[in-house]
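>
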Amino acid sequence: MAAKQATRNIPLRRRGRLTEALIGFALSAVIALAALTSTGEIPFVYQGY
Amino acid sequence: MTWPRVLSALENRGHLKPTWGSLLRIGGWCIVGLVIIALVVPARPGDPARSPYRAQLSSPTVFEIGAPRGDERGFYPSPRSNNQFQIAWVAGSSIQGVDPERRTFLPAELQHQLHTIDGQEVTIDIYFLSGMRIIDELGAVMKAIDSNPDMLVVTLNPLWVLNDRAIQGWDNLDGQLVIGAATSPATWPLLLSVVSPSDILWASAGVRINVFEDRYHWGVKLKDRFGDWSPLEIQPRHDPSEEPSELAQVAAMQIPVFFWDKYDNIVSDDVQGTDRQAAAFKYAADSQSPTARAALRSLLDQINESAIPTYLYLAQYDDEIVAQPVVDQALDTVEDDLAEITAGYLSDLMVIRSESAIRAVGDMDFRDAIHVYDVAPLTEHLYSELCEFTRSQGWEASCGG
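Read top to bottom, the protein sequences are chains A and B.
Everything in the first sequence is counted per this note's numbering, starting at 434 for the first residue and increasing by one.
Everything in the second sequence is counted per this note's numbering, starting at 77 for the first residue and increasing by one.
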């Protein structure tokens with residue numbers, strides 16, 4: 434019975450791992466996009482008031 | 077409300093089990109993703125040939141390699157060639173000639189005379205940033221040492237070298253400080269005063285992943301299209317026609333000296349001209365900044381450990397201002413302090429002139445306290461100094477006689 438349950442769980446566990454990989458890749462894409470679209474400059478604010 | 081729903085959907089549909097193990101695996105895939113992106117996105121190292129000062133450099137083998145404000149690479153060292161003698165020259169604007177008719181850089185003028193050393197053509201990378209402070213000089217020296225030049229020249233500004241109001245002007249060099257200090261634990265306490273955790277993360281990531289190292293290049297291109305999307309880009313949120321809040325004004329101050337100038341002005345606004353410059357210099361001489369001293373010692377330690385032959389000197393200061401006894405005394409104080417700090421570092425490989433160049437050169441035509449119209453007298457002085465230095469190193473140089 435336990436062995437049967439374990440066999441049934443394998444695809445679900447694989448789907449869980451796939452979800453983890455997708456989240457990891459999505460995170461890397463967000464981080465890279467954030468890095469590539471920012472210059473690190475302090476924006477200029479007019480001070481002459 | 078949204079995040080519990082997302083998590084619940086990931087658990088139910090994605091069969092994600094929120095455990096420490098799954099968190100680790102997600103982190104692992106994230107790193108794999110970043111490595112793949114780094115392989116796909118082409119590297120874009122900075123190009124010294126695109127310097128905005130290119131037209132002011134009279135020698136084709138002298139490069140101004142300072143990066144724009146915000147670029148964490150700091151400098152773009154030029155490629156090295158085996159048959160060239162490369163000098164790395166770290167300096168702020170005191171090496172500029174500011175004649176509007178003919179703007180020049182001292183190292184480029186000097187290279188015309190000192191064109192060969194040790195039988196090789198002299199090339200000079202100028203690690204130049206306008207308004208360079210002592211911690212900026214430390215970052216520049218670290219980067220210069222990393223490029224392994226044959227010789228190093230460091231110009232210190234008498235107004236800033238020991239001034240506690242202006243220890244740093246270019247915080248985009250923080251990453252260079254982190255990288256340079258990685259193997260020098262003695263500099264860590266100093267750096268903790270100026271670098272932030274994000275500097276450490278950006279610098280560490282940038283060492284291996286060019287997406288991070290070259291992000292300024294891409295940022296400038298993509299910012300206009302995607303800048304609003306980036307969680308890292310801080311946009312001023314105010315109506316341009318309205319006065320920004322006081323806090324927004326402070327946040328927009330690019331260098332610390334702007335803050336001090338507004339909130340603890342050391343010279344009242346009705347003092348102008350040379351009197352103002354004299355008062356500011358007297359303050360600098362009296363400030364006894366422990367941070368600036370620590371930065372200077374770190375800079376000297378870095379040079380010492382590198383064993384690169386180095387000539388370090390204190391830049392000129394307007395002789396008419398120095399003629400005022402109070403300024404002469406202030407300059408004396410800076411020179412004496414510099415001599416005391418550097419005394420333990422003098423060696424065959426390191427020559428340090430703690431007296432301002434103005435003492436040796438004398439009369440020059442200044443636009444303001446530091447900037448001369450014509451660098452010719454300084455060029456002659458440094459030509460003579462560097463010729464003596466090259467002789468002491470056993471190098472044959474184009475030094476006449």
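Yeah, the Cβ is synthetic: ideal placement off N, Cα and C, and Gly gets one too.
The structure displayed is predicted, hence computed values, not measured ones.
Does any residue of chain B have a CB that is nearer than 8 angstroms to the CB of residue 476 of chain A?
Taking the first sequence and counting its residues from 1, the one referred to as residue 476 of chain A is at position 43. The predicted model places residue 476 of chain A with a pLDDT of 49, which falls under 50 and marks its position as unreliable, so this point remains unresolved.
> Compute the Euclidean distance between the alpha carbons of residue 142 of chain B and residue 225 of chain B, then round it to the nearest angstrom.
Looking up residue 142 of chain B in the second sequence gives position 66. Looking up residue 225 of chain B in the second sequence gives position 149. Approximately 16 angstroms between the Cα atoms of the pair.
> What residue range does the alpha helix (DSSP H) around residue 229 of chain B cover?
Walking along the second sequence from the start, residue 229 of chain B turns up at place 153. First-last for residue 229 of chain B: 227–232, but that is the beta strand (DSSP E), not the alpha helix (DSSP H).
> Quick one: Cα of residue 467 of chain A to Cα of residue 461 of chain A, how far?
Along the first sequence, read from residue 1 onward, the residue named residue 467 of chain A stands at position 34. Along the first sequence, read from residue 1 onward, the residue named residue 461 of chain A stands at position 28. Each residue's alpha carbon lies about 10 angstroms from the other.
> I'd like to know whether the C-beta of residue 358 of chain B is nearer than 8 angstroms to at least one C-beta of chain A.
As a first step, residue 358 of chain B must be located in the second sequence, where it is residue number 282. By this cut-off, residue 358 of chain B is not an interface position.
> Mind checking who residue 178 of chain B pairs with in its DSSP beta bridge?
Residue 178 of chain B sits at position 102 when you count from the first residue of the second sequence. B/175, per the DSSP bridge assignment.
> Grab the span of the beta strand (DSSP E) containing residue 429 of chain B for me, first residue to last.
Walking along the second sequence from the start, residue 429 of chain B turns up at place 353. Segment 426–432, the beta strand (DSSP E) holding residue 429 of chain B.
> Any beta carbon from chain A within less than 8 angstroms of residue 102 of chain B's own beta carbon?
Looking up residue 102 of chain B in the second sequence gives position 26. Taking Cβ atoms only, chain A reaches closer than 8 angstroms to residue 102 of chain B, which makes this a yes.
> Among B/93, B/186, B/105, B/364, whose alpha-carbon lies nearest the alpha-carbon of residue 239 of chain B?
In the second sequence, counting from the first residue as 1, residue 239 of chain B sits at position 163. Ranking the options by Cα distance to residue 239 of chain B, first place goes to B/364.
> Report the residue from B/435, B/374, B/409, B/136 whose alpha carbon sits nearest the alpha carbon of residue 260 of chain B.
Locating residue 260 of chain B in the second sequence gives position 184, where the first residue counts as 1. Comparing Cα positions, the closest option is B/374.
> Is the beta carbon of residue 390 of chain B sitting closer than 8 angstroms to the one on residue 416 of chain B?
As a working mapping, residue 390 of chain B is identified with position 314 in the second sequence. As a working mapping, residue 416 of chain B is identified with position 340 in the second sequence. Cβ distance not < 8 angstroms, so residue 390 of chain B and residue 416 of chain B don't count as in contact.
> Report the neighbours of residue 150 of chain B on chain A: residues whose CB is nearer than 7 angstroms to its CB, in chain order.
Here residue 150 of chain B corresponds to residue number 74 of the second sequence, with the count starting at 1. What residue 150 of chain B touches in chain A: nothing, since even the nearest Cβ is about 12 angstroms away.
> Measuring CA to CA, which of B/460, B/384, B/406, B/214 is closest to residue 267 of chain B?
Translated into the one-based positions of the second sequence, residue 267 of chain B becomes position 191. Taking only the C-alpha atoms, the option nearest residue 267 of chain B is B/214.
> Let me know the secondary structure DSSP gives residue 377 of chain B once reduced to three states.
Here the question's residue 377 of chain B lines up with position 301 in the second sequence. It is helical.
> With a CB to CB cut of under 6 angstroms and the five nearest residues on each side skipped, what residues in its chain are close to residue 442 of chain B?
Residue numbering aside, residue 442 of chain B sits at position 366 when the second sequence is read from its first letter. Answer for residue 442 of chain B: 394, 448, listed in chain order.
> Cα separation between residue 330 of chain B and residue 245 of chain B?
Against the second sequence, residue 330 of chain B aligns to sequence position 254. Against the second sequence, residue 245 of chain B aligns to sequence position 169. Computed Cα separation, rounded: 8 angstroms.
> For residue 188 of chain B, which residues from the same chain have a beta carbon less than 8 angstroms from its beta carbon, with the 5 sequence-adjacent residues on both sides left out?
For this step, residue 188 of chain B is matched to residue 112 along the second sequence. Closer than 8 angstroms at the Cβ level, and outside the excluded window around residue 188 of chain B, lie 134, 135.
> What's the gap between the Cα of residue 200 of chain B and the Cα of residue 181 of chain B?
As a working mapping, residue 200 of chain B is identified with position 124 in the second sequence. As a working mapping, residue 181 of chain B is identified with position 105 in the second sequence. The straight-line gap from Cα to Cα measures roughly 11 angstroms.
> Distance check for residue 164 of chain B and residue 424 of chain B, CA to CA, integer angstroms please.
Here the question's residue 424 of chain B lines up with position 348 in the second sequence. Here the question's residue 164 of chain B lines up with position 88 in the second sequence. Each residue's Cα considered, the two are about 18 angstroms apart.
> Where do the N-terminal and C-terminal ends of the alpha helix (DSSP H) with residue 405 of chain B fall, by residue?
Start at 1 with the first residue of the second sequence, and residue 405 of chain B comes out as number 329. Looking at the DSSP string, the run of the alpha helix (DSSP H) that includes residue 405 of chain B is 401–418.
> What are the boundary residues of the beta strand (DSSP E) that residue 258 of chain B is part of?
The residue given as residue 258 of chain B occupies position 182 in the second sequence. That residue, residue 258 of chain B, is in no beta strand (DSSP E); it is neither H nor E in DSSP.
> Output, in sequence order along the chain, the residues in the region 81–106 of chain B whose CB is closer than 8 angstroms to any CB in chain A.
Cβ contacts with chain A come from 86, 90, 91, 92, 93, 98, 101, 102, 103, 104, 105, 106.
> Would you say residue 110 of chain B faces chain A, with C-beta separation under 8 angstroms as the test?
On the second sequence, residue 110 of chain B is found 34 positions in, with the first residue counted as 1. Residue 110 of chain B counts as touching chain A.
> Confirm, please, whether the CB-CB distance from residue 139 of chain B to residue 202 of chain B is below 8 angstroms.
As a position in the second sequence, residue 202 of chain B is number 126, starting the count at 1. As a position in the second sequence, residue 139 of chain B is number 63, starting the count at 1. Yes.
> Please classify residue 183 of chain B: is it buried, with 16 or more other beta-carbons within 10 angstroms of its beta-carbon, or exposed?
Along the second sequence, one-based indexing puts residue 183 of chain B at 107. Counting Cβ neighbours within 10 Å, residue 183 of chain B comes out buried, since at least 16 surround it.
> Could you tell me which chain A residues have their CB closer than 7 angstroms to the CB of residue 161 of chain B, listed as they occur along the chain?
The count along the second sequence starts at 1 and reaches residue 161 of chain B at position 85. None at all; the shortest Cβ gap to chain A is about 35 angstroms.
> Below 7 angstroms on C-beta distance, what does residue 294 of chain B contact in chain A?
In the second sequence, the residue the question calls residue 294 of chain B occupies position 218. Ordered by position in chain A, the residues that pass the 7 angstroms Cβ test against residue 294 of chain B are 469.
> Can you tell me which residues form a DSSP beta bridge with residue 151 of chain B?
As a position in the second sequence, residue 151 of chain B is number 75, starting the count at 1. In DSSP, residue 151 of chain B forms a bridge with B/142.
> Which first and last residues belong to the alpha helix (DSSP H) in which residue 82 of chain B is found?
The residue labelled residue 82 of chain B in the question sits at position 6 within the second sequence. Start and end: 78–88.
> Would you mind reading off the limits of the beta strand (DSSP E) that contains residue 469 of chain B?
In the second sequence, residue 469 of chain B corresponds to position 393, counting from 1. Premise fails: residue 469 of chain B is in no beta strand (DSSP E) and is neither H nor E.
> Mind listing the chain D neighbours of residue 298 of chain B? Cutoff is C-beta to C-beta under 8 angstroms, in chain order.
No chain D appears in this structure, whose protein chains are A and B.
> Looking at residue 237 of chain B and residue 368 of chain B, is the spacing between their C-beta atoms short of 8 angstroms?
Taking the second sequence and counting its residues from 1, one reaches residue 368 of chain B at position 292. Taking the second sequence and counting its residues from 1, one reaches residue 237 of chain B at position 161. Result yes, Cβ atoms of residue 368 of chain B and residue 237 of chain B sit closer than 8 angstroms.
> Nearest to residue 455 of chain B by CA position, among B/444, B/445, B/437, B/465, is which residue?
Translated into the one-based positions of the second sequence, residue 455 of chain B becomes position 379. Residue B/437 is the option with its Cα nearest to residue 455 of chain B.
> When we look at the beta-carbon of residue 387 of chain B and count the other beta-carbons within 10 Å, is it buried (16 or more) or exposed?
Sequence index remark: in the second sequence, residue 387 of chain B carries index 311 (1-based). Its Cβ being crowded by 16 or more others within 10 Å, residue 387 of chain B is buried.
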